[in-house]
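Q: One structure, pasted below without further comment.
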Ligand code: ARG
Ligand code: ZN
């Protein structure tokens, strides 16, 4: 394997961590901004750690060094060396000031890391992305999160082309310069690591709102976007205000600058970035308007606004010592974001969404060649570790800790964590210590969760003894090996449980409570419940109290009881998932229809229950995804999984009945509105699900409904649902609807992304031809990460039967595109390459073809990002 960069990738190890030999107390940065070239002048006020005597070494990648001076004296070429992305300078003393002037090339920066151009040369704007290691593409600096520095940033540019100049921190003057140029200065009073630095310059419009924090600070909230989309920022502004109030109330955290800027860009590698005082968002997580934004997208905007805002404390005021601690800020902030969304919407629906995501994205990661602990012990390219494991599993670990401490104890612990670590670069040990010490509890055993990869399997067995009226629950755990970790230790697994009597009533447990948490912290343990009059049905792992895979040999009738009676909304859904899985296995193995009948009939029975939330019903009616089904199989054949899952759904539909489905569809349509409240969203969610089921029984009727819905929809949710049903089921009306959608939304990038994505989801072999045709569309480009994700990402990562063709063409096609994309944007290429994850578990024909495609890729000259993913995949 060859890596394209000059350096061969030698892994960075957590065990090698040393505090910085040099820190920077203050930096004065001056930018002369231009689209093709920008110049960056920096003045670093340096301090040496007296305990170390290493020479000054600064990171810098692709910088053209124009001038360098130490303590006011220009440096002789013999006094410094710039090679292999490091600038080494001789003769630096504690208190020295190092000045450099460099040139960078924003318009040529297709990797979207460092300083780059968003949009066209004529109309676009300049912006930066520094996390994780982008700052070294802007100037020379110790680019590591444990170097905290006070920033003074001065921006200069042509006023006509760059009327708006922004950087993080408080404004500190602005004015005119000769030749039509102007300047603006920002001072950030809070020391920060360089990954939180940001600037933005260009023609942007703003929305502004005054906000007064709970502790009385007046803050100007300003959202910036290009003129054509500024009116799509009102929803984000409302969401921002909700998030700020929520953090004040839930965690006692206030905003701490005079101004908070938020900027939207269509060219962004990730979702959004929490730069201090200047958050930058991928437009798809900021812009919202009724004509083009779906309900799910509205909720995502609110969640990501919350996420980035919450980072101001969990990430910025308290940051990470090194990138191995990434989950310290990301897992914690995802957890805070999930709590916020649950409070704004519905806790159990939110929990279902989050667990479904964990199973779809994180479990496969944890079970394959890319498995890594929430705190990895080594990496070659840190950008490859912004993963579902670090984010989503990391959040699950915080949730377990919060559950262990209870709401008040957790708040006490968080208060202590923020107080102790404010202004510091902290570790996961610091986090557990603060939570534990505030409550007099030793949480150290939970640290094992951070270091051990793989999803634990929890098996349970219940035994009822009528003579002694006791119920005994025996729990066992086992974590399968993962790369580099053959042997696993037992972990503390909190299991929240309740017991139901055969009539569906909850039984009183300890001290009259109906719910209890038992913690399994050895390989096997039994828990005894006395005073139980009849054999109970256990409701285990309620609310998904630990990120594990549960095996419990329920009878179908027991699952039906939980599905009907459980008071935990999440566990009702879980019972439906378990039943659907059994029904699927019966169909696959051709052995009777017992679970299928129970699943179908129970759901058919719930279908008309007036008290059931339509959104929960929609989720209950959705069997596990093809990705999750593949996780449970060996010799995976995605085409067969797709076909079986369709059969499963057809069975469900026919047990409910075409007439009942059509009636419900009509009733929901009659109630349609364009309102965004939870009840309206819930009805739209159910309406889509009903239509998806009906199309399996009576395609002509469903196609007529879908077409009418598409044409008359008052919301994007309904329009897109109609379109998706037509396109995925191969309706004769699909082509016309696609053409009309395309014309209607021709100038809206986010709406067009959905047009690409919906076609990338066509099941089976025809998907590839469609993807190829769409690549030739004038609106397709490999240079835009959202467009790449919409077409190639949706197809390769979200459409298993479309990607995994038996002839291997899908694999060869993706490998070719990855090589091309890698030359433009390594981060996006590396993420897309994870589509190959799980190839070892495919059936032999596909397996060999996938292996050959990945191996062929490995022989090419690749970025460090893609080389690491491909290399791990072949290990
Ligand atoms: N910290 C950002 C967030 O809130 C993610 C930025 C990651 N960027 C990257 N290039 N890896 O999730
Ligand atoms: Zn984050």
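Residue numbers (the numbering used here): 1 to 875.
Where is the CB? At the ideal position from N, CA and C, for every residue including glycine.
None of these values were measured; they are calculated from a predicted model.
1) Where residue 789 and residue 824 are concerned, what is the direct C-alpha to C-alpha distance, given to the nearest angstrom?
2) Hey, out of 380, 780, 587, whose CA is closest to residue 643's CA?
3) Checking 8 angstroms against the spacing of the C-beta atoms, do residue 151 and residue 280 come in under that value?
4) Considering just the uninterrupted stretch of the alpha helix (DSSP H) at residue 641, what are its terminal residues?
5) Can you tell me where the alpha helix (DSSP H) with residue 310 in it begins and where it stops?
6) So what does residue 552 bridge to, in DSSP terms?
7) In angstroms, rounded to a whole number, what distance separates the CA positions of residue 181 and residue 158?
8) Under 8 angstroms Cβ to Cβ from residue 780, same chain only, skipping five residues before and after it: list those, please.
9) Between the region 290 to 307 and the region 402 to 422, are three or more C-beta pairs nearer than 8 angstroms?
10) For ligand 2, I want to know if residue 302 counts as a neighbour, meaning its beta carbon is within less than 7 angstroms of at least one of the ligand's heavy atoms.
11) Which two residues bound the contiguous alpha helix (DSSP H) that contains residue 159?
12) Would you identify the three-state DSSP class for residue 166, choosing helix, strand or coil?
13) Going by the CB atoms, is the gap between residue 24 and residue 44 shorter than 8 angstroms?
14) Secondary structure at residue 690, three-state DSSP: helix, strand or coil?
15) Is residue 274 near ligand 2, in the sense that its beta carbon is under 7 angstroms from a heavy atom of that ligand?
16) Taking the alpha-carbon of residue 205 as reference, which of 170, 165, 703 has the nearest alpha-carbon?
17) Ignoring anything shorter than 3 residues, give me the beta strand (DSSP E) runs that lie fully in the region 522 to 567, in order along the chain.
18) Any heavy atom of ligand 2 closer than 7 angstroms to the beta-carbon of residue 330?
19) Report the rounded CA-to-CA distance for residue 6 versus residue 106, giving the unit in angstroms.
20) Which complete alpha helix (DSSP H) runs does the region 392 to 452 hold, if anything under 4 residues is left out?
21) Does the region 321 to 331 come into contact with the region 222 to 234, if we say contact requires no fewer than three beta-carbon pairs (one atom in each stretch) closer than 8 angstroms?
22) Which of helix, strand or coil does DSSP assign to residue 340?
23) Among 371, 111, 466, 746, which residue has its Cα nearest to the Cα of residue 532?
24) Would you check if there are 3 or more beta carbon pairs closer than 8 angstroms linking the region 257 to 264 to the region 280 to 292?
25) Quick one: does the C-beta of residue 333 sit closer than 7 angstroms to a heavy atom of ligand 2?
26) Please report the distance separating the alpha-carbon of residue 745 from that of residue 232.
27) Thinking just about the alpha-carbon of each residue, which of 645, 332, 342, 832 is nearest to the one in residue 426?
28) Give, in chain order, every unbroken run of the alpha helix (DSSP H) that is at least 4 residues long and sits entirely within the region 69 to 111.
29) Considering only heavy atoms of ligand 1, does any lie closer than 7 angstroms to the CB of residue 270?
30) Give the straight-line distance between the Cα atoms of residue 582 and residue 596, rounded to the nearest whole angstrom.
31) Is the beta carbon of residue 93 closer than 8 angstroms to that of residue 827?
32) Quick one: what does DSSP say residue 602 is sitting in, helix, strand or coil?
33) Taking the straight line between their C-alpha atoms, what separation do you get for residue 210 and residue 601?
34) Give a single yes or no on whether residue 311 has its beta carbon closer than 7 angstroms to a heavy atom of ligand 2.
35) Is residue 316 helix, strand or coil when you go by DSSP?
36) Hey, out of 504, 548, 857, 70, whose CA is closest to residue 356's CA?
A: Checking against the coordinates, here is how it stands:
1) Spanning the two alpha carbons is a distance of roughly 15 angstroms.
2) For the residues 380, 780, 587, the minimum Cα distance to residue 643 belongs to 587.
3) The Cβ-Cβ distance between residue 151 and residue 280 does not fall below 8 angstroms.
4) In the DSSP assignment, residue 641 falls within the alpha helix (DSSP H) that extends over 638 to 656.
5) Taken as a continuous stretch (DSSP letters only), the alpha helix (DSSP H) holding residue 310 covers 295 to 310.
6) Residue 552 pairs with 460.
7) Separation of residue 181 and residue 158 (C-alpha to C-alpha, rounded to the nearest whole angstrom) is 4 angstroms.
8) Excluding residues within five positions, the ones whose Cβ falls inside 8 angstroms are 756, 774, 787, 791.
9) At 8 angstroms Cβ cutoff, the stretches do not touch.
10) No.
11) No alpha helix (DSSP H) contains residue 159, which DSSP labels as neither H nor E.
12) In the structure shown, residue 166 sits in a strand (DSSP, three-state: E or B).
13) Yes, the pair counts as a contact, with Cβ atoms nearer than the cut-off.
14) Of the three classes helix, strand and coil, the one that applies to residue 690 here is helix, per DSSP.
15) Residue 274: yes, Cβ under 7 angstroms from ligand 2.
16) With distances taken between Cα atoms, residue 205 lies closest to 165.
17) Whole beta strand (DSSP E) segments, 3+ residues: 524 to 529, 537 to 539, 549 to 552.
18) Yes; taking the cut-off as 7 angstroms, the Cβ of residue 330 has a heavy atom of ligand 2 nearer than that.
19) Per-residue confidence for residue 6 stands at a pLDDT of 43, beneath the threshold of 50, marking its modelled position as unreliable; the derived number appears in the next sentence. When the Cα atoms are used, residue 6 and residue 106 turn out to be separated by approximately 22 angstroms.
20) Runs found: 394 to 421, 428 to 437, 447 to 451.
21) As far as the Cβ criterion goes, the region 321 to 331 does not touch the region 222 to 234, which means the pair count is below three.
22) Note: residue 340 maps to helix in three-state DSSP.
23) The residue among 371, 111, 466, 746 with its C-alpha nearest the C-alpha of residue 532 is 466.
24) Touching, yes, given that three or more Cβ pairs across the two stretches are closer than 8 angstroms.
25) Taking 7 angstroms as the cut-off, the C-beta of residue 333 counts as close to a heavy atom of ligand 2.
26) In a straight line, the C-alpha of residue 745 is about 15 angstroms away from that of residue 232.
27) Selected option, being the one with the closest Cα: 332.
28) Listed in chain order, there is nothing to give.
29) Yes; taking the cut-off as 7 angstroms, the Cβ of residue 270 has a heavy atom of ligand 1 nearer than that.
30) Straight-line Cα distance between these residues: approximately 7 angstroms.
31) Not a contact, by the Cβ cut-off of 8 angstroms.
32) The answer is helix: DSSP assigns residue 602 an H, G or I state.
33) Between residue 210 and residue 601, the C-alpha separation is close to 55 angstroms.
34) Yes - ligand 2 has a heavy atom lying nearer than 7 angstroms to the Cβ of residue 311.
35) If DSSP states are grouped into helix, strand and coil, residue 316 belongs with coil.
36) Of the listed residues, the one whose Cα sits closest to residue 356 is 548.
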